[in-house]
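A.B. asks:
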Amino acid sequence: MIKNSKKLALGIDLGGTNIGAGLVDLTGKILKKKIELTQKELGPKKVIKRMIGMAEEILGNQKVRGIGIGAPGPIKKGLLISPSNLAGWKKVDIITPFKKEFFCKVILDNDANAAALAEKKFGAGKGAQNLIYLTISTGIGGGIIINGEIYKGFGNAGELGHMIIDRDSKFRCGCGNYGCLEALASGTGIVDLFRERFKKNGELNELKEITAKEIFRMAKKGDKVAEEVVNQALTVLGVGIVNYIHIFNPEMIVLGGSIALKRRKLVFPFLRKFVKKMVMPAFKNNVKIVPAKLGSEAGIIGAAALAFGAADS
Ligand SMILES: [Zn+2]
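Per the numbering used here, residue 54 is the first one in the sequence shown, and the count goes up by one each step.
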């Protein structure tokens, strides 16, 4: 059955491993979806062709109000510049091939912005007009929503993981700077902090395969070093959040990503307590710190949210 096109959007989530595509309605519900391996090594042309094929399969004769594409940043003037998890993709134009095929609005944005908008429209941030979304997993990304819309500044605002917390830190971030939030509090950062503790003792070899997940588990069981490392990372995260609160005064901080969500019983009480203690008096008691709600489908829903835009919120 062909539905009212104004109430539907197609969301495509291009990731380094998978491509997800879904037909999404105005309530954020996925009506139909497809997931395929990205196979990025085939190069952008072939991958984009397959993305278009997936879109055609999902849509059939169904028209939509727009197609949203969420992809790894950075993105500039509608081009994927050089995403770190799509090696070899440089200045790739995804929008034009889609427009040629579907004759509708096509909107491309980075996946963190898309997820931020999705949480605002359909998830934990429903009803809020100003929020900061942070995803904490291997890295730290995020998006800023101001007055209901993604805040882009001059184009690239929202690199929340690259707030420099400690310039004198020895931990180098993927961006080249030292002491970014991402370098100190992401999954990768937690592993680095932990390994550093054992470097001096020559015990490093045994830790080759250690993961952030394991370090959290050890901390829970009472391992002193793991506990200290986790506390250190969460403290840094708290410092970052206090900084965002002082700058943006959001109604809500929404935290997603495996570290925030799978360790939520530890992470949220820690951060709420820390932030309450550290923020200036005017900000006390008026910022909620909540877990993201959209889970593994946030990428597709977020991409569709781009196509719906802020107008319906
Ligand atoms: Zn950085």
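Here a beta-carbon is modelled for each residue, glycine too, at the ideal position from N, C-alpha and C.
Values in this document were obtained by computation on a predicted structure and should not be read as measured data.
(1) Determine the direct distance from the alpha carbon of Gln-115 to that of Leu-290, and round the result to whole angstroms.
(2) Closer than 8 Å by C-beta to Asn-200: which residues in its own chain qualify, once you throw out the five before and the five after it? Chain order, please.
(3) Return the chain-ordered ranges of every beta strand (DSSP E) run that is complete within the stretch 143-189 and spans a minimum of 3 residues.
(4) Determine the DSSP secondary structure at Met-333, reduced to helix, strand or coil.
(5) Going by other Cβ atoms of all chains shown within 10 Å of its Cβ, with 16 needed for buried, is Phe-156 buried or exposed?
(6) My understanding is that Val-77 touches Gly-64, with C-beta atoms under 8 Å, so please give their C-beta distance in whole angstroms.
(7) Rounded to the nearest angstrom, what separates Leu-287 and Asn-138 at their Cα positions?
(8) Going along the chain, which residues of its own chain have a beta-carbon closer than 7 Å to the beta-carbon of Val-343, five neighbours each way excluded?
(9) Rounded to whole angstroms, what's the CA-CA distance from Gly-355 to Ala-62? Just pull it up for me.
(10) Within the present structure, is the beta-carbon of Asn-230 separated from the nearest heavy atom of ligand 1 by less than 8 Å?
(11) Using CA atoms only, rank isn't needed, just tell me which of Val-100, Val-244, Lys-82, Leu-79 is closest to Glu-89.
(12) Could you pull the start and end residues of the beta strand (DSSP E) that Ala-272 belongs to?
(13) Quick one: using the 10 Å Cβ neighbour count with 16 as the cut-off for buried, is Leu-161 buried or exposed?
(14) Let me confirm a value: Gly-75 is counted as buried when at least 16 other C-beta atoms fall within 10 Å, else exposed. Which label applies?
C.D. replies: Concretely, from the data shown:
(1) What you label residue 290 is simply residue 237 of the sequence shown in a count that begins at 1. What you label residue 115 is simply residue 62 of the sequence shown in a count that begins at 1. So the alpha carbons of these two residues sit roughly 44 Å apart.
(2) Residue 200 sits at position 147 when you count from the first residue of the sequence shown. Within the same chain, Asn-200 has close Cβ partners Gln-182, Asn-183.
(3) If we require 3 residues or more, the beta strand (DSSP E) runs fully inside the stretch 143-189 come out as 158-163, 184-189.
(4) For the purposes of this step, residue 333 is taken as the residue at position 280 of the sequence shown. It is coil, neither helix nor strand.
(5) Mapped onto the sequence shown, residue 156 falls at position 103. That one is exposed.
(6) Within the sequence shown, residue 77 is the residue found at index 24, counting from 1. Within the sequence shown, residue 64 is the residue found at index 11, counting from 1. About 5 Å separates the Cβ atoms of Val-77 and Gly-64, confirming a contact at the 8 Å cut-off.
(7) By one-based count along the sequence shown, residue 287 stands at place 234. By one-based count along the sequence shown, residue 138 stands at place 85. Taking the straight line joining both Cα atoms gives about 26 Å.
(8) Along the sequence shown, one-based indexing puts residue 343 at 290. These residues qualify, in order along the chain: Ala-177, Met-305, Val-307.
(9) Taking the sequence shown and counting its residues from 1, the one referred to as residue 355 is at position 302. Taking the sequence shown and counting its residues from 1, the one referred to as residue 62 is at position 9. Distance between the alpha carbons of Gly-355 and Ala-62 is about 11 Å.
(10) Along the sequence shown, read from residue 1 onward, the residue named residue 230 stands at position 177. Yes - ligand 1 has a heavy atom lying nearer than 8 Å to the Cβ of Asn-230.
(11) Taking the first residue of the sequence shown as 1, we reach residue 89 at position 36. Of the candidates Val-100, Val-244, Lys-82, Leu-79, the residue whose Cα lies closest to the Cα of Glu-89 is Val-100.
(12) The residue you call residue 272 lines up with position 219 of the sequence shown. Counted as a single uninterrupted DSSP element, the stretch harbouring Ala-272 is not any beta strand (DSSP E) but the alpha helix (DSSP H) occupying residues 265-273.
(13) Locating residue 161 in the sequence shown gives position 108, where the first residue counts as 1. The residue is buried, with at least 16 neighbouring Cβ atoms inside 10 Å.
(14) Here the question's residue 75 lines up with position 22 in the sequence shown. By the neighbour-count rule (16 or more Cβ atoms within 10 Å), Gly-75 is buried.
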